[in-house]
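Residue numbers (the working numbering), protein chains in the order written: chain A, 1 to 264; chain B, 1001 to 1327.
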């Protein structure tokens, strides 16, 4: 479904601030895979997201969706296949437009936009049914401006807008990080539900190790632009937060020793 | 008095088309487009030149709109593909259009007094019986100097309302929703597979098409096209948009576009009233317009700040009262 091959990204190349944001990343997602990506700040998680979404052109490497090379496709063209939920709850919706208008715009994601009404009677009914699945009462507020909603409600709406058109790839970019714990839990549960219901191929970046363990069938740990640890299936289910921390320290220590040998 | 007011409403209805164009860029796309100062004249010049060369006035008016559409397309291209700042892109086009407009006109001013304009043709097919009955009604109110014809006012009102309705419809289509989202949350609509570059170009082009259409009609109403007639046009458009929004509200799209039309007419009325003061001259109008826009932009913030201050003082007083009572 999604193949990321030999991706490398260097920022500020040739200056003292040179930073290898991604260093030869390879990752492949089968249809229905739900991969969680963890790592500390600056590990390259967001850069990887931006490369897949088309916001950033990698220095080398390929991105394939359904076997089709997309690395040179611009972001808006690629978003016909990719749905993305951002970290900022304000980023995924248009505040001065109504809930139904926002849904109508999202409904056009994988179609050609035409000169016909965006919100029709038929669509209104459909939007209502989708909104009911959120259990937030938004189905009764179709004509309310989205700017009036709370951060949690807006993020739930963003998640719905991204997923109800069944994208080939779903990218979740720390989409619960900016919410308070109870709202974050709500969005996490919703995520679990929609991904399972539609069997979406998903890549989720998170800071939260527990969340990375609770969700998905595969886990990837990144550090300094590299993938340093992977687990899937039964191995992933058995993992605990302590295991992950331990694993991280073990791998990094080995590298530290290596570096000392090289430098020494 | 009545005649000058009548004239103000008449031209206000035509300027409203320009104001709708400014609304499209300034409010919908969040793109402060200064091309307007140039494209208004381009519309006037194209219409005037076409009419003088024997093109039927209705076709000449449509050509004016197309010329503005092209000018807007160039501004949009500069901004999106050339990555030039929106304000600068507009200023560059406005400056370039000054020379182009002079070339079209061939001289600083073209007179249409010897030509048959769209309004002259309108007057000839317009039945005088309508004028007579309307003027008869005015007589009841004691107005003894009736306007020569109602044709321009009524027909232009219809044209402007049709343009408003088409704009309302357009902004509710799938394409229109995406254009509105560009001004609201560009990143989001790009992640929903909208080609933001092309949509921005389309929006700016349509806006300038309306502006030039208005320019072409104003040239025919006034009987001339002048290379300087567009100076400050963007500020007049802004004044119309801001006055209209303040008076009529912006709850829905159709309400907002209606407000813009109302704002354009009221602006003309304000201008007409202001010019009745002996110490003011026609040349002062730009200054007055700028002051109106400045007041409209700043006063809501000052009012807001004062309300906040008052609220805080009251809260403080209530708190001090509580402390005293406890003490």
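Even for Gly, the Cβ is constructed at its ideal location relative to N, Cα and C.
Which residues share a DSSP beta bridge with residue i?
i, result
"residue 221 of chain A", "A:38 and A:229"
"residue 69 of chain A", "A:64"
"residue 27 of chain A", "A:4"
"residue 204 of chain A", "A:36 and A:172"
"residue 1173 of chain B", "A:117"
"residue 82 of chain A", "A:169"
"residue 1225 of chain B", "B:1110"
"residue 11 of chain A", "A:19"
"residue 133 of chain A", "According to DSSP, which records beta bridges pairwise, residue 133 of chain A is partnered with nothing at all."
"residue 47 of chain A", "Its beta-bridge partners do not exist; DSSP assigns none."
"residue 98 of chain A", "A:145"
Applying the criterion that 16 or more other CB atoms from any shown protein chain within 10 Å of the CB defines a buried residue, is residue i buried or exposed?
i, result
"residue 1125 of chain B", "exposed"
"residue 1244 of chain B", "buried"
"residue 205 of chain A", "buried"
"residue 176 of chain A", "buried"
"residue 244 of chain A", "buried"
"residue 45 of chain A", "buried"
"residue 264 of chain A", "Note that residue 264 of chain A has pLDDT 48, beneath the 50 cutoff, so the model's placement of it is unreliable and no number is given."
"residue 234 of chain A", "exposed"
"residue 68 of chain A", "exposed"
"residue 15 of chain A", "exposed"
"residue 1307 of chain B", "exposed"
"residue 1068 of chain B", "buried"
"residue 1079 of chain B", "buried"
"residue 1133 of chain B", "exposed"
"residue 241 of chain A", "exposed"
"residue 1172 of chain B", "buried"
"residue 1017 of chain B", "buried"
"residue 1137 of chain B", "exposed"
"residue 1107 of chain B", "exposed"
"residue 1087 of chain B", "exposed"
"residue 127 of chain A", "buried"
"residue 156 of chain A", "buried"
"residue 1057 of chain B", "buried"
"residue 158 of chain A", "buried"
"residue 140 of chain A", "exposed"
"residue 41 of chain A", "exposed"
"residue 1166 of chain B", "exposed"
Determine the chain B residues that contact residue i at a beta-carbon separation under 8 Å, and present them in chain order.
i, result
"residue 154 of chain A", "Here the premise fails: no neighbours, minimum Cβ distance about 11 Å."
"residue 79 of chain A", "1190, 1191, 1192 and 1193"
"residue 110 of chain A", "1193"
Kindly list, in the order they appear in chain B, the residues whose Cβ is closer than 9 Å to that of residue i.
i, result
"residue 118 of chain A", "1172, 1173, 1174, 1175, 1176, 1177 and 1178"
"residue 151 of chain A", "Going along chain B, no residue has its Cβ under 9 Å from residue 151 of chain A, so there is no contact; the nearest lies around 15 Å."
"residue 84 of chain A", "1191"
"residue 91 of chain A", "1185, 1187, 1188 and 1191"
Name the chain B residues that come within less than 7 Å of residue i, Cβ to Cβ?
i, result
"residue 115 of chain A", "1173 and 1175"
"residue 233 of chain A", "Chain B residues near residue 233 of chain A: none, gap ~31 Å exceeds 7 Å."
Problem - Contained beta strand (DSSP E) runs [length at least 3] in the stretch 135-195 of chain A, N- to C-terminal order - result: Fully enclosed beta strand (DSSP E) runs of 3 or longer: 169-173.
Practice task
Give the residues from the stretch 1177-1201 of chain B that approach chain A closer than 8 Å (Cβ to any Cβ), ordered along the chain.
Solution key: Answer in chain order: 1177, 1178, 1180, 1181, 1184, 1185, 1187, 1188, 1189, 1190, 1191, 1192, 1193, 1194, 1195 and 1196.
Exercise for the section: Anything in the stretch 1162-1178 of chain B with a Cβ closer than 9 Å to a Cβ of chain A? List those residues in chain order, please. Expected result: Hits within the stretch, in order: 1169, 1170, 1172, 1173, 1174, 1175, 1176, 1177 and 1178.
Problem - Near-chain B residues of the stretch 94-105 of chain A (beta-carbon distance less than 7 Å), N- to C-terminal order - result: Going along the stretch 94-105 of chain A in chain order, one finds 94, 95, 96, 97, 101, 104 and 105 with a Cβ nearer than 7 Å to chain B.
Practice task
Pick out the complete alpha helix (DSSP H) segments inside the stretch 1200-1246 of chain B, 4 residues or longer, and give them in chain order.
Solution key: Secondary structure in the stretch 1200-1246 of chain B: no alpha helix (DSSP H) run of 4 residues or longer lies completely within the stretch.
Exercise for the section: Can you give me, in chain order, the residues of the stretch 65-76 of chain A that have a beta carbon less than 8 Å from any beta carbon in chain B? Expected result: Flagged, chain order: 75 and 76.
Practice task
Would you list, in sequence order, the uninterrupted beta strand (DSSP E) runs of no fewer than 3 residues that lie entirely inside the stretch 1072-1113 of chain B?
Solution key: Annotation: the stretch 1072-1113 of chain B contains the following complete segments of the beta strand (DSSP E) (minimum length 3 residues), in chain order: 1109-1111.
Handout entry: Within 8 Å of chain B by C-beta, residues of the stretch 168-187 of chain A in sequence order
Key = Contact annotation: in the stretch 168-187 of chain A, no residue has its CB less than 8 Å from a CB in chain B.
Practice task
Report the residue ranges of all alpha helix (DSSP H) runs contained in full by the stretch 1114-1138 of chain B; include only those spanning at least 4 residues, in chain order.
Solution key: Here the runs fully enclosed are 1118-1125.
Handout entry: Length-filtered (4 minimum) alpha helix (DSSP H) runs lying within the stretch 1141-1185 of chain B
Key = List check, alpha helix (DSSP H) in window: 1151-1170 and 1174-1184.
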